[in-house]
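Residue 570 is where the sequence shown starts when you use my numbering, and the numbers rise one by one after that.
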Amino acid sequence: MAADYAYVGFFLIVGVLFVVLNIEVLSRIIRPHNPNPQKLTTYECGEEPIGIGWIRFHVRYYLYALVYIVFAVETVFLFPWAVVFQELGLIAFLEMMVFIGILLVGLAYAWKTGALEWA
């Protein structure tokens with residue numbers, strides 16, 4: 570039975586690699602490639618670009634994004650748990666409290682180190 574899954578996995582990987590490599594190779598062969606300065610300028614809504622198109626974002630933005638992602642993932646785990654809360658029993662409740670506790674420790678650490686301060 571495990572060999573059947575191995576065959577499926579093998580052909581899935583081969584199929585995905587075949588598609589990705591063909592798309593990459595064919596796009597390099599078929600596409601026209603003649604860059605000029607006009608084509609390389611930034612274009613947005615028909616407006617002429619003013620200044621450079623790339624700016625550096627402060628690292629603090631990434632930290633806020635990571636904290637948001639952590640708590641969004643927590644929400645993804647909490648909703649299904651809340652739906653079947655009474656059916657799971659005490660063990661599932663304790664496991665979820667450990668999960669929430671770990672996240673709260675991380676939040677407290679971020680708060681204590683000033684990671685959530687904007688100034």
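All C-beta atoms in this analysis are idealised placements derived from N, C-alpha and C, irrespective of residue type, glycine included. A quick note: this is a predicted structure, and the numbers were derived from the prediction, not measured.
Cα atoms of Glu686 and Ala679: separation of roughly 9 Å, rounded to the nearest angstrom. Shown here, Glu643 sits in a helix according to DSSP, grouped into three states. Put simply, the backbone Cα of Val583 is about 45 Å away from that of Glu616. Taken through DSSP and simplified to helix, strand or coil, Pro649 comes out as helix. Collapsing the DSSP output to three states places Gln655 in a helix. Across the set Arg629, Thr611, Leu632, the C-alpha of Thr611 shows the shortest separation from the C-alpha of Trp623.
Here DSSP, grouped into helix, strand and coil, assigns Trp623 to coil.
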